[in-house]
Structure formats: C-alpha cells, structure tokens
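Chemist:
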Amino acid sequence: MTAPVRLLCVDDEERFVTTLSRLLALKNMAVTTALSGEEALGAFAPGAFDVALVDVKMPGISGVDLLTELKKRDPDLEVIILTGHASVDIAADIMSRGGSDYLLKPCPTSEVEAKILSAMERRAARAGG
Amino acid sequence: MPDARTLTAATAALALAAAFTPTPWSLAPGLLAGLCAWRAYRELSVCLGRSESQKCALDEQLFQSQKLAAIGEIASGIAHEINNPLAVITQESEWLAHLLDQPEPPAAEARDSLATIRSQVTRCADITHNLLGLARTWKPIRQPSDLNRCLEDMARLVERDAKPQNITLERRYDESLPKVPLDPPLMRQAALNLLVNAVQAVGRDGAVTLETGRTSDGKVFARVADTGPGIPQTDLGRVFDPFFTTKAPGKGTGLGLSITQRIVDRMGGLISAANQPGGGAVFTITLPLQDTKTENAP
C-alpha cells in the first residue's frame, strides 16, 4: 500500500471540512483540518504536507492570500483552491500565484480525490526531474 | 447648407451693417439678418434635439451596464451563499451513504448527518426567502404612527434572546415625538434587522442603545448603537450591499441590511452606518415628517 497523501484542508465551514476529511480518510489520505488561514499557517511546516485544499472566502486571511503564503514557505506544495463561485478572474489569479487547480463547490468527493491525485502525480513528476 | 455657427455670425454681421446704414438702405441687411437668425434658430433646434437623443441613448447604455453589473454582483453572491450549504449537503449525503453501507449502520451518526442536511436546506431556503424579500415590490401604506412604539415592540422581542447573554438594551426615546408617516410592519422589520445585528455584534455582556429624536432639519431619527467591535473602515461603504456579511458561515445571509435599506428608502427615509468614537457600530434611520416620497415605485 502506498503512503497516504498528506493533505491540509482549510475551510471555515466546519461541518464541510469535517465530513470531507472523513470521506478522504477512507481514500488513504491523512487529513489535517483548519478553520481559518491563521489556523492553517499555525499547523503548517515546510515538507509536512503534499497537498493543501483551500477555500477562497474566509474571514481573516483569504484563501488566495493563504495560497501565496503557503507557496512562499513551501514551493513544492500543491495548492488546490475551493470556491463557491467560479470566475475567470479568480481562476487567473489563482494560477498566477502558483495554485495547481481549482474546484467549484459543490462537488462530489470523487472529483476532489481526482484533483488531489492529479496534483500528487505532478508533484511526483517534479521530484523525478 | 451653412451650419448654425456661420448663420449666427452672418446674423451678427448683417445686424451690425443694418445698424450703421441709414434708412432705407438698412432695410435689406436688416431683413437678411432676420432671415439668417431664423435659419440659425432652426439649425440650433435640430442640433439640440439630436444631442438630447444622443444623451438619452448614452444614459440608457449607462443604466443598462449598471444594471448588468448589479445583476452580476448579486448572482455571484447567490452562487457563493447557496453553493456552500450545497457543498455541505453533498459531502454529508455521501457520508450518510457510507454509514448505511456498514453491516450495522450507526443510527445516531446517521441521524446527525440527516439533521445537518436538513439545517443546510433551511439555510438555502432562508437565502431564497430573503432574496424574494429583496426583490419584492413594496408599496408601503404610510399612516401616522408612533415610532417609539414600533421600536419598543421589536426591542421586547429581541430582549428575550439578549437577556440570557446578559446583553442590556437601553432605551433613549424622545417621548415628545409627533406621529411619523410610516408603514408600521415595515418599520418593525427594519428595526428588528438592526437590533438582531446589534445583539449578535455585541455578544455576551454587551450593550445596545435605542434612541429616537429629531434632527436639526425637521426630520425624525431612530438609532441603534452597540458596543461591539464596530465595522472595519474598509467595509463601511459595503454594509448595505446584498450578500455582504462579516458573520460566520450560516449565521447570516448578508441580505438583512440590504432589505432594511430598501424598506427605509420606500418610506422616504435614509439609513446610514458609522462607528462610534468610543467603539461599536451605529445605524441611523432618518425619516421625514411629511409624506413626500412617491410610494408606488417598484
């Protein structure tokens, strides 16, 4: 069995983050949850996570600012942004700040899992040179 | 055909020639000046009409683009506010399916998941109901009413929830206020929105002050002030925008103040938001004492 994906899941919707982490845990993922950008930065250490799943709209540090900070601390981290409303501007902003991908809420867990696995493949390809 | 400028210049030159020429020789330039003046007048009328219709077309374009921008902003707000509870429902129903697939499904946990789904459906319904409230065509029926009484009715209602949290509601009503032309149910709704916000903002042991009085320009005001954290300066201009909220997810739809503003506007008044020098937010509704506003506007 492969090593579990180390995932940091950040969203201010407590119930969403709890249930999603339970579902992803069933898919061989070790999920750490945070309810705000500040909490996420407190739990974060370079190299501790493979992928971060980050909500855009949160009180305090926004998801997009958190993405910038996380990429600054760990350039190898894959960051997937979750958003309640898709817009070309947001997508462009996420990509320009080093985000891997973005997901529109609501989405089935299988879609979240597919995005995470795709991010893991990119991470492995990068590590392989 | 000469343009209006040439015709005006010709009129002036001919009038000048007529003025300095002795009669009867001045008759010819005088008549020609009159003819040029009449042509210039007609030319200017046509130009004025054309520019007026161009201005109307530009106004219409501006109005349409503002309308589209407002619709875009509201649609984006609706998408965000509805998609979040939908995301909770999506994951919760998947979890429920997982629980039910167990050889012995944990009934308590399954019930908890169902309760979460129900509460998120209610959250979506609150948003759509409030949206309908925002879109509703209000035709206020304004009747001379006791403003203090409208506020006090809602204060008593809110006080029931506030007391267990040790939140005090201080009243500073101006008892000498005359009857104000307002729609009492709508005024009560506006007051309730402000009071609920204030109580939520102050939290435990806070204080909310209700005040009424007259303004220096002969209007009346109703004010709700709180001892909460206040409104960040950057947000002051946005508090009345639909879907703007600083509350935690599921705690506010961001439509209460938009609806309140709309109600106050329909009653011919104004509402403003500010921070108090000593801390906390203050919302002031100003209403006219005369029934001046057209009430049948959509």
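Protein chains in written order, with the working numbering: chain A, 644 to 772; chain B, 944 to 1241. Cβ coordinates follow ideal geometry from the N, Cα and C atoms, glycine included.
Indicate whether at least one CB of chain B lies closer than 8 Å to the CB of Lys670(A).
Modeler: As a working note, residue 670(A) is residue 27 in the first sequence. It does not: the Cβ of Lys670(A) has no partner Cβ on chain B nearer than 8 Å.
Chemist: So which residues of chain B does Glu721(A) contact, with C-beta pairs closer than 9 Å?
Modeler: Position 78 of the first sequence, counting from 1, holds the residue named residue 721(A). Within 9 Å Cβ-Cβ: nothing; Glu721(A) doesn't reach chain B, min ~21 Å.
Chemist: Looking at Phe1186(B) and Leu1198(B), is the spacing between their C-beta atoms short of 8 Å?
Modeler: One-based indexing of the second sequence puts residue 1198(B) at position 255. One-based indexing of the second sequence puts residue 1186(B) at position 243. Taking 8 Å as the Cβ cut-off, Leu1198(B) and Phe1186(B) qualify as a contacting pair.
Chemist: Counting Cβ pairs, one atom from each stretch, are 3 or more of them under 8 Å apart for the region 738 to 754 of chain A and the region 674 to 685 of chain A?
Modeler: Too few Cβ pairs lie closer than 8 Å, so no.
Chemist: Looking at the structure shown, is Cys1067(B) part of a helix, part of a strand, or coil, going by DSSP?
Modeler: Here residue 1067(B) corresponds to residue number 124 of the second sequence, with the count starting at 1. Note: Cys1067(B) maps to helix in three-state DSSP.
Chemist: Which ranges does the beta strand (DSSP E) cover as unbroken runs of at least 3 residues, wholly within the region 727 to 768 of chain A, from first to last along the chain?
Modeler: Counting whole runs of 3 or more residues, the region 727 to 768 of chain A contains the beta strand (DSSP E) stretches 744 to 747.
Chemist: Of all the beta strand (DSSP E) runs that stay within the bounds of the region 1115 to 1181 of chain B, which reach a length of 3 or more residues?
Modeler: The region 1115 to 1181 of chain B contains these whole beta strand (DSSP E) runs: 1123 to 1125, 1150 to 1157, 1163 to 1169.
Chemist: Rounded to a whole number of angstroms, what is the C-alpha to C-alpha distance between Ile1228(B) and Glu1035(B)?
Modeler: One-based indexing of the second sequence puts residue 1228(B) at position 285. One-based indexing of the second sequence puts residue 1035(B) at position 92. Computed Cα separation, rounded: 43 Å.
Chemist: Are the CB atoms of Leu1230(B) and Leu1153(B) nearer to each other than 8 Å?
Modeler: Numbered from 1 along the second sequence, position 287 holds the residue referred to as residue 1230(B). Numbered from 1 along the second sequence, position 210 holds the residue referred to as residue 1153(B). No, Cβ-Cβ distance for Leu1230(B) and Leu1153(B) is not below 8 Å.
Chemist: Please name the residue, chosen from Ser1119(B), Val1139(B), Gln1086(B), that lies closest to Val1101(B) on a Cα-to-Cα basis.
Modeler: The sequence position of residue 1101(B) within the second sequence is 158, counting from 1. It is Val1139(B).
Chemist: For Gly727(A), return the contacting residues in chain B, with the cut-off set at a CB-CB distance below 7 Å.
Modeler: Here residue 727(A) is taken as the residue at index 84 of the first sequence, counted from 1. Ala1022, His1023, Asn1026, Asn1027, listed in chain order.
Chemist: Could you run through the region 746 to 764 of chain A and flag, in chain order, every residue whose CB is less than 8 Å away from some CB of chain B?
Modeler: Listed by position, the residues of the region 746 to 764 of chain A near chain B (Cβ gap below 8 Å) are Leu747, Lys748, Pro749, Cys750, Pro751, Thr752.
Chemist: Where in the region 669 to 697 of chain A do unbroken runs of the alpha helix (DSSP H), each at least 4 residues long, occur, reported from the N-terminal end onward?
Modeler: Runs found: 680 to 686.
Chemist: Distance, Cα to Cα, Cys652(A) vs Leu760(A)?
Modeler: In the first sequence, counting from the first residue as 1, residue 652(A) sits at position 9. In the first sequence, counting from the first residue as 1, residue 760(A) sits at position 117. Cα to Cα, the separation comes out at about 15 Å.
Chemist: Of all Cβ atoms in chain B, is any one closer than 8 Å to the Cβ of Glu681(A)?
Modeler: Working through the first sequence from its first residue, we reach residue 681(A) at position 38. Output row for Glu681(A): interface = no.
Chemist: In chain B, which residues lie less than 9 Å from Arg665(A) when you measure between Cβ atoms?
Modeler: In the first sequence, the residue the question calls residue 665(A) occupies position 22. What Arg665(A) touches in chain B: Gln1034, Trp1038, His1041.
Chemist: Beta-carbon of Thr662(A) versus every beta-carbon of chain B: anything under 8 Å?
Modeler: By one-based count along the first sequence, residue 662(A) stands at place 19. Closer than 8 Å: yes.
Chemist: Are Ile1174(B) and Val1145(B) touching if we call contact CB-CB under 8 Å?
Modeler: Here residue 1174(B) refers to the residue found at position 231 of the second sequence. Here residue 1145(B) refers to the residue found at position 202 of the second sequence. Contact flag unset, no.
Chemist: For chain A, check one thing: does any of its Cβ atoms lie closer than 8 Å to the Cβ of Thr1065(B)?
Modeler: For the purposes of this step, residue 1065(B) is taken as the residue at position 122 of the second sequence. No, Thr1065(B) does not count as interfacial toward chain A.
Chemist: Quick check: is the beta carbon of Thr1059(B) nearer than 8 Å to any beta carbon in chain C?
Modeler: Of the protein chains in this structure, namely A and B, none is chain C.
Chemist: What number of angstroms, rounded off, separates the C-alpha of Leu1112(B) from the C-alpha of Ala1150(B)?
Modeler: Counting from one through the second sequence, the residue named residue 1112(B) turns up at place 169. Counting from one through the second sequence, the residue named residue 1150(B) turns up at place 207. The straight-line gap from Cα to Cα measures roughly 6 Å.
Chemist: What separation, rounded to the nearest whole angstrom, lies between the Cα atoms of Asp1148(B) and Asp1160(B)?
Modeler: Taking the first residue of the second sequence as 1, we reach residue 1148(B) at position 205. Taking the first residue of the second sequence as 1, we reach residue 1160(B) at position 217. Computed Cα separation, rounded: 36 Å.
Chemist: Output needed for Arg765(A): all residues of its chain with C-beta closer than 8 Å, excluding positions within five of it in sequence on either side, in chain order.
Modeler: In the first sequence, residue 765(A) corresponds to position 122, counting from 1. Excluding sequence neighbours, Arg765(A) sits near Glu721, Ser743.
Chemist: Determine, for Met700(A), whether the minimum Cβ-Cβ distance to residues of chain B falls below 8 Å.
Modeler: The residue given as residue 700(A) occupies position 57 in the first sequence. The sequence shown places Lys at residue 700(A), rather than the Met named in the question. Chain B contact via Cβ: present.
Chemist: How is the alpha helix (DSSP H) around Phe963(B) delimited, first residue to last?
Modeler: Your numbering for residue 963(B) matches position 20 in the second sequence. Residues 947 to 963.
Chemist: Buried or exposed, going by whether 16 or more other CB atoms sit within 10 Å of the CB of Gly690(A)?
Modeler: Taking the first sequence and counting its residues from 1, one reaches residue 690(A) at position 47. By the 10 Å Cβ count, Gly690(A) comes out exposed.
Chemist: Could you tell me whether any Cβ in chain A is nearer than 8 Å to the Cβ of Ala1224(B)?
Modeler: Along the second sequence, one-based indexing puts residue 1224(B) at 281. False, the Cβ-Cβ gap to chain A never drops below 8 Å.
Chemist: Who are the neighbours of Ser1201(B) on chain A, taking C-beta pairs under 9 Å?
Modeler: Sequence index remark: in the second sequence, residue 1201(B) carries index 258 (1-based). Result: empty, since nearest Cβ-Cβ is about 18 Å, beyond 9 Å.
Chemist: How big is the Cα-Cα spacing for Phe659(A) and Ala1030(B)?
Modeler: As a working note, residue 659(A) is residue 16 in the first sequence. As a working note, residue 1030(B) is residue 87 in the second sequence. So the alpha carbons of these two residues sit roughly 7 Å apart.
Chemist: Taking only three categories from DSSP, how would you classify Ser1215(B)?
Modeler: Working through the second sequence from its first residue, we reach residue 1215(B) at position 272. In the structure shown, Ser1215(B) sits in a strand (DSSP, three-state: E or B).
Chemist: Just mark Trp968(B) as buried or exposed, buried being the case when its beta carbon has 16 or more other beta carbons within 10 Å.
Modeler: As a working mapping, residue 968(B) is identified with position 25 in the second sequence. Under this definition Trp968(B) is an exposed residue.
Chemist: Compile a chain-ordered list of the residues in the region 969 to 995 of chain B whose CB is closer than 7 Å to at least one CB of chain A.
Modeler: Of all residues in the region 969 to 995 of chain B, none has a Cβ within less than 7 Å of some Cβ in chain A.
Chemist: Helix or strand or just coil, what does DSSP make of Ser705(A)?
Modeler: As a first step, residue 705(A) must be located in the first sequence, where it is residue number 62. Reduced to three states, the DSSP call for Ser705(A) is coil.
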